[in-house]
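Under the working numbering, residues 59 to 354 are what the sequence shown spells out, in order. For glycine and all other residues, C-beta sits at the position ideal for the given N, C-alpha and C.
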Amino acid sequence: MILKPVIIDISEWQLPEAIDYNILAKNIAGAIVRVQYGSLHRDVHFETHLKKLQEYKVPVAVYAWVRGTSISDMKQEARDFYQRAKKFQPTFWWLDVEEKSYSDMRNGCESYRQELKRLGAKKVGVYIANHLYHQFNLAVEKFDAIWIPTYGQNNGRYEGFNPTCTTRYDLHQYTSNGRISGYKGAMDLNRLTGSKDFGVLFDTKLLEDQKPTLPPTNSVSGGLKKLKTFTLNTAVYLREKADTKAGVIALLQKGDQIKFDDIILNQGYLWGVQPRAKGKKGYLALGKITAHGGIK
Numbered sequence: 059m060i061l062k063p064v065i066i067d068i069s070e071w072q073l074p075e076a077i078d079y080n081i082l083a084k085n086i087a088g089a090i091v092r093v094q095y096g097s098l099h100r101d102v103h104f105e106t107h108l109k110k111l112q113e114y115k116v117p118v119a120v121y122a123w124v125r126g127t128s129i130s131d132m133k134q135e136a137r138d139f140y141q142r143a144k145k146f147q148p149t150f151w152w153l154d155v156e157e158k159s160y161s162d163m164r165n166g167c168e169s170y171r172q173e174l175k176r177l178g179a180k181k182v183g184v185y186i187a188n189h190l191y192h193q194f195n196l197a198v199e200k201f202d203a204i205w206i207p208t209y210g211q212n213n214g215r216y217e218g219f220n221p222t223c224t225t226r227y228d229l230h231q232y233t234s235n236g237r238i239s240g241y242k243g244a245m246d247l248n249r250l251t252g253s254k255d256f257g258v259l260f261d262t263k264l265l266e267d268q269k270p271t272l273p274p275t276n277s278v279s280g281g282l283k284k285l286k287t288f289t290l291n292t293a294v295y296l297r298e299k300a301d302t303k304a305g306v307i308a309l310l311q312k313g314d315q316i317k318f319d320d321i322i323l324n325q326g327y328l329w330g331v332q333p334r335a336k337g338k339k340g341y342l343a344l345g346k347i348t349a350h351g352g353i354k
């Protein structure tokens, strides 16, 4: 079973000439692209991957394999990483920590993280090999997200083999043998664990551009905010939280006039937020995010 949203990570091992980016883009929700292997090796195809994926509206993040041998070396790797990828404006920067390149990986990776933040990277996450997690003892609480690999049988599907080093992780790389239309070879596939939404890990601006077309709206006064009004074309539940299992406030009927003042992403849905009495809010599912990041 291929889990959705489909999230891949790729590097120079996936040759651009072997990829039909148009088809691939229709079958994935996001991609994490390797930029470098330490400072000295610039990933050969990272710019092509990022340009083509962004051309086809795929939200992208970037990662760098960490090989620093000192604090100053770690900071230099961070600077090289940032300078190489900043023009693509990724919303997540990942440190790939899979080898002990420095005697104090905890302080080394923390220096790397701090330097990325100083340079302007808003969200910095860390990918840690499952078998090295405890040995490295990284300051994981300071990172914006945690990404852990475990493959189990590595047959291209997720069959419940989860990381054993920790229960606190946001992204799980569950196979290196996945198959996705648009590329004939094997790919790394990743799944969300439910602790963070897709929109947190990827660029939600692309999703905002693909919001469902709503009936014509009218702005009306709504306290300090502008409320949007539209007419429902089907019956839908208004809930206490942006959660499909949350308590129901009301069953809204087709033709009802609905007002909302915000839009958020949760559980793969786009939700309209309705202000209610005494500071409370109601949540209305406006549409489901498709596998390639659109809304239906």
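- In chain order, ILE129 place their CB closer than 8 Å to the CB of ASN165, counting only its own chain and leaving out the 5 sequence neighbours on each side.
- By DSSP's assignment, ALA122 forms a beta bridge with GLN94 and LEU153.
- Per DSSP, the unbroken alpha helix (DSSP H) holding GLY166 starts and ends at 163 to 177.
- In the three-state scheme derived from DSSP, where H, G and I count as helix and E and B as strand, LEU196 is classed as coil.
- Annotation for LEU111: ALA89 and VAL118 place their beta carbon closer than 6 Å to its own, counting only its chain and skipping 5 residues before and after.
- At the C-beta level, SER234 and LEU82 stay beyond 9 Å of one another.
- Secondary structure of LYS339 (DSSP, three-state): strand.
- In this structure, GLN325 sits near ASP255, with a CB-CB distance shorter than 9 Å.
- With contacts defined by Cβ atoms closer than 9 Å, VAL120 and TRP152 form a contacting pair.
- By the criterion of a C-beta distance shorter than 6 Å, ASN248 is surrounded in its chain by ILE65, LEU229 and GLN231, once the five residues flanking it on both sides are discounted.
- Between the segment 168 to 180 and the segment 191 to 209 there are three or more inter-stretch CB-CB distances shorter than 8 Å, so the stretches are counted as touching.
- LEU61 places its beta carbon 9 Å or farther from that of TYR241.
- It is roughly 13 Å from the alpha-carbon of VAL258 to the alpha-carbon of PRO63.
- In terms of Cβ geometry, LEU309 and GLN332 do not form a close pair [threshold 9 Å].
- Put simply, the backbone Cα of PRO74 is about 35 Å away from that of CYS223.
- Here ASN85 is not bridged, per DSSP, to any residue.
- DSSP places THR289 within a strand segment (E or B) once states are collapsed to three.
- The Cβ neighbour count for LEU108, taken over all protein chains shown within 10 Å, is at least 16; the residue is labelled buried.
- In terms of Cα proximity to PHE150, the closest of ASP67, ALA293, GLN134 and THR225 is ASP67.
- In this structure ALA143 is in contact with VAL93, their Cβ atoms being roughly 5 Å apart against a cut-off of 8 Å.
- In the structure shown, the three-state DSSP call for LYS110 is helix.
- Remark: C-beta atoms of LEU344 and ILE321 approach each other more closely than 9 Å.
- Taking 9 Å as the cut-off, the beta carbon of ALA244 is found closer than this to the beta carbon of GLY214.
- Taking each of ASN291, TYR341 and LYS336 in turn and checking the Cα distance to LYS303, the smallest one comes out for TYR341.
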